[in-house]
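Top line first, the protein sequences correspond to chains A and B.
For the first sequence, the working numbering gives the first residue as 444, with consecutive numbering after it.
For the second sequence, the working numbering gives the first residue as 181, with consecutive numbering after it.
Backbone N, C-alpha and C fix where the C-beta goes; we use that ideal spot for every residue, glycine too.
Reviewing the structure listed below.
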Amino acid sequence: VTTLRKSLSALMVAALLLTCAIDALATDEFDTVVRLVESNYRVRRRRVPFLANMAMRRAVRAGGVRGFKLAVFEDQDFSERALDADFSSGLRGGLRPEWQPLLRTSSQEGTRAFIYTSAAGENFKLLLINIELRQAVVVQIEVTPQALVNWLRNPDELRRALIEEATSEIPE
Amino acid sequence: MRQIAISRHRLPCLLLFFALFAAPATAQSSARLQINSLERLAPRAVEAVDVNIDERLLQLAGRYLSSNNADEAQVRELVANLNGIYVKSFTFEQDGEYSPTDVDAIRAQLRAPGWTRIIDVRSRRENENIEVYIMTEGERIGGLAVISSAPRELTVINIVGSIDLERLSQLEGNFGIPQLEMERVNAPTRERP
């Protein structure tokens with residue numbers, strides 16, 4: 444009986460470690476992109492306070508969005524457009540093949556946006572990178588297929604909604 | 181050596197498999213244009229938009245758009261036969277920021293067998309030229325391409341799958357496809373590009 448208990452405990456620990464490892468793998472994309480922004484534009488992300496982060500998570504969940512991750516780069520220099528090409532190719536190379544590009548926009552005012560999608564079981568993950576001259580935001584969310592389809596009909600509206608959702612509750 | 185012998189044994193089966201299954205895939209993908217060469221225009225543009233909606237997302241749209249809402253039902257029916265929507269659109273601050281040669285690589289693909297230009301389509305907008313091409317595979321339409329060019333705007337749309345020109349207008353304003361304001365000037369006429 445003792446041996447069985449030990450085996451079960453070992454099995455549970457292994458399962459827990461495996462779950463953590465899978466979870467870590469699943470978070471790789473977001474972290475990879477955040478690191479890519481940091482290294483490519485030589486900037487540092489701003490730590491969003493825990494309570495503010497929780498408030499944002501509650502807000503986006505109320506809108507039918509799950510699995511929210513956010514990185515904010517505020518009051519930093521993203522004006523060097525010559526770095527964009529490296530960022531773009533780094534993004535393509537850094538994301539796993541299941542992440543497909545959905546939308547890419549750029550404007551002369553300095554806004555550059557990328558949206559990638561990936562299946563996540565019955566839902567979908569969306570990864571948005573929105574870079575402006577003095578700030579950038581990286582958002583990863585999980586959405587229901589219905590929410591994604593509504594946004595697909597107007598992908599640029601999706602970008603605006605995500606940015607608004609992600610940044611509206613960040614305290615000064 | 182044994183492994184090589186097994187591989188040789190399986191080779192005819194593999195060839196047969198590819199002959200049966202790869203051919204339809206090739207026909208389908210032949211309507212997909214390579215439009216990435218246009219990306220070099222983005223730094224010169226005031227605004228650049230690049231939309232990629234693949235078959236997986238279109239199938240999802242087909243499943244989740246409501247059949248009770250008339251507008252959604254129409255779009256749902258349309259996307260059921262589509263395999264991809266790809267749009268690249270550029271707006272420039274002044275004339276001459278792009279040249280016709282920038283679009284040559286795309287026009288060259290549209291000279292391939294299967295593609296036909298529909299010549300009786302024009303834009304209702306002044307100074308805007310619209311070229312519409314369809315890819316036919318037998319009796320079936322396998323894809324559609326639109327090149328819309330104005331002195332300060334360039335849009336290339338590539339729709340892979342079965343869609344005819346009459347129904348394209350139903351997709352305008354959806355899935356990143358801009359309002360094209362096309363009209364037909366005569367009875368349907370086609371020419372080889």
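>> For the segment 320-344 of chain B, list every residue whose C-beta sits within 7 angstroms of some C-beta in chain A, in sequence order.
In response: Listed by position along the chain: nothing, the set is empty.
> Taking a cut of 8 angstroms between CB atoms, which residues from the segment 535-553 of chain A lie near chain B?
Replying inline: Taking 8 angstroms as the cut-off between beta carbons, the residues of the segment 535-553 of chain A near chain B are Gln543, Pro544, Leu545, Leu546, Arg547, Thr548, Ser549, Ser550, Gln551, in sequence order.
>> Rounded to the nearest angstrom, what separates Val312 (chain B) and Gly536 (chain A) at their Cα positions?
In response: Taking the first residue of the second sequence as 1, we reach residue 312 (chain B) at position 132. Taking the first residue of the first sequence as 1, we reach residue 536 (chain A) at position 93. Looking at the two C-alpha atoms, the distance is approximately 34 angstroms.
> Can we say the segment 224-232 of chain B touches the segment 261-281 of chain B, given the rule of at least three CB pairs closer than 8 angstroms?
Replying inline: When C-beta atoms of the segment 224-232 of chain B are compared with those of the segment 261-281 of chain B, three or more pairs fall below 8 angstroms, so the two segments count as touching.
> Beta-carbon of Ile298 (chain B) versus every beta-carbon of chain C: anything under 8 angstroms?
Replying inline: Protein chains in the displayed structure are A and B, and chain C is not among them.
>> Looking at chain A, is there any beta carbon in it that lies within less than 8 angstroms of the beta carbon of Ile286 (chain B)?
In response: Taking the first residue of the second sequence as position 1, residue 286 (chain B) is located at position 106. Using a CB distance cut-off of 8 angstroms, Ile286 (chain B) does not count as an interface residue toward chain A.
>> Quick check on this structure: which residue in A:Gly533, A:Arg524, A:Arg509, A:Thr548 has the alpha carbon closest to the alpha carbon of Thr475 (chain A)?
In response: Taking the first residue of the first sequence as 1, we reach residue 475 (chain A) at position 32. Nearest C-alpha to Thr475 (chain A): A:Gly533.
>> Please confirm whether Asp275 (chain B) has its beta-carbon closer than 8 angstroms to some beta-carbon of chain A.
In response: Counting from one through the second sequence, the residue named residue 275 (chain B) turns up at place 95. Not one chain A Cβ lies under 8 angstroms of Asp275 (chain B).
> Leaving out the 5 sequence neighbours to the left and right, which residues in its chain are closer than 7 angstroms to Arg141 (chain B) when beta-carbon positions are compared?
Replying inline: The structure shown does not extend to residue 141 (chain B), since chain B is modelled only from 181 through 373, so no value can be given for it.
> Do Asn263 (chain B) and Gly341 (chain B) have their CB atoms nearer than 8 angstroms?
Replying inline: The residue given as residue 263 (chain B) occupies position 83 in the second sequence. The residue given as residue 341 (chain B) occupies position 161 in the second sequence. Taking 8 angstroms as the Cβ cut-off, Asn263 (chain B) and Gly341 (chain B) qualify as a contacting pair.
> With which residues is Gly341 (chain B) paired in a DSSP beta bridge?
Replying inline: Within the second sequence, numbered from 1, the residue matching residue 341 (chain B) stands at position 161. Looking at the DSSP assignment, Gly341 (chain B) forms a beta bridge with B:Leu262.
>> Per DSSP, what are the beta-bridge partners of Arg302 (chain B) in this structure?
In response: Here residue 302 (chain B) corresponds to residue number 122 of the second sequence, with the count starting at 1. Residue pairing for Arg302 (chain B): DSSP places it in a beta bridge opposite B:Glu363.
> How is Phe272 (chain B) classed by DSSP in three states: helix, strand or coil?
Replying inline: Indexing the second sequence from 1 puts residue 272 (chain B) at position 92. The answer is coil: DSSP assigns Phe272 (chain B) none of H, G, I, E or B.
> Name the chain A residues whose beta carbon is nearer than 8 angstroms to that of Leu221 (chain B)?
Replying inline: Numbered from its first residue, the second sequence carries residue 221 (chain B) at position 41. Chain-order list of chain A residues neighbouring Leu221 (chain B): empty, with the shortest C-beta distance near 11 angstroms, by a criterion of under 8 angstroms.
> Which partner residues of Tyr559 (chain A) appear in the DSSP bridge assignment?
Replying inline: Here residue 559 (chain A) refers to the residue found at position 116 when the first sequence is read from its first residue. BP columns for Tyr559 (chain A) point to A:Pro544, A:Leu570.
> Just curious, the beta strand (DSSP E) that Leu324 (chain B) is in, first and last residue?
Replying inline: Within the second sequence, numbered from 1, the residue matching residue 324 (chain B) stands at position 144. Where Leu324 (chain B) is concerned, the enclosing beta strand (DSSP E) stretches over 320-330.
> Can you pull the DSSP bridge partners for Val581 (chain A)?
Replying inline: Counting from 1 along the first sequence, the entry for residue 581 (chain A) is found at position 138. Beta bridge pairing from DSSP links Val581 (chain A) with A:Ala514, A:Ile572.
> Among residues of its own chain, excluding the 5 on either side of Ile606 (chain A), which ones have a beta-carbon nearer than 7 angstroms to its beta-carbon?
Replying inline: As a first step, residue 606 (chain A) must be located in the first sequence, where it is residue number 163. Excluding residues within five positions, the ones whose Cβ falls inside 7 angstroms are Asn573, Val580.
> For Arg279 (chain B), which of B:Asn338, B:Leu213, B:Leu334, B:Gln350 has the nearest alpha-carbon?
Replying inline: Here residue 279 (chain B) is taken as the residue at index 99 of the second sequence, counted from 1. For clarity, residue 279 (chain B) is Ser in the given sequence; the question names Arg instead. Cα-wise, what sits closest to Ser279 (chain B) is B:Leu334.
>> Whole angstroms are fine: how far does the CA of Pro544 (chain A) sit from the CA of Arg602 (chain A)?
In response: For this step, residue 602 (chain A) is matched to residue 159 along the first sequence. For this step, residue 544 (chain A) is matched to residue 101 along the first sequence. Their Cα atoms are separated by approximately 13 angstroms.
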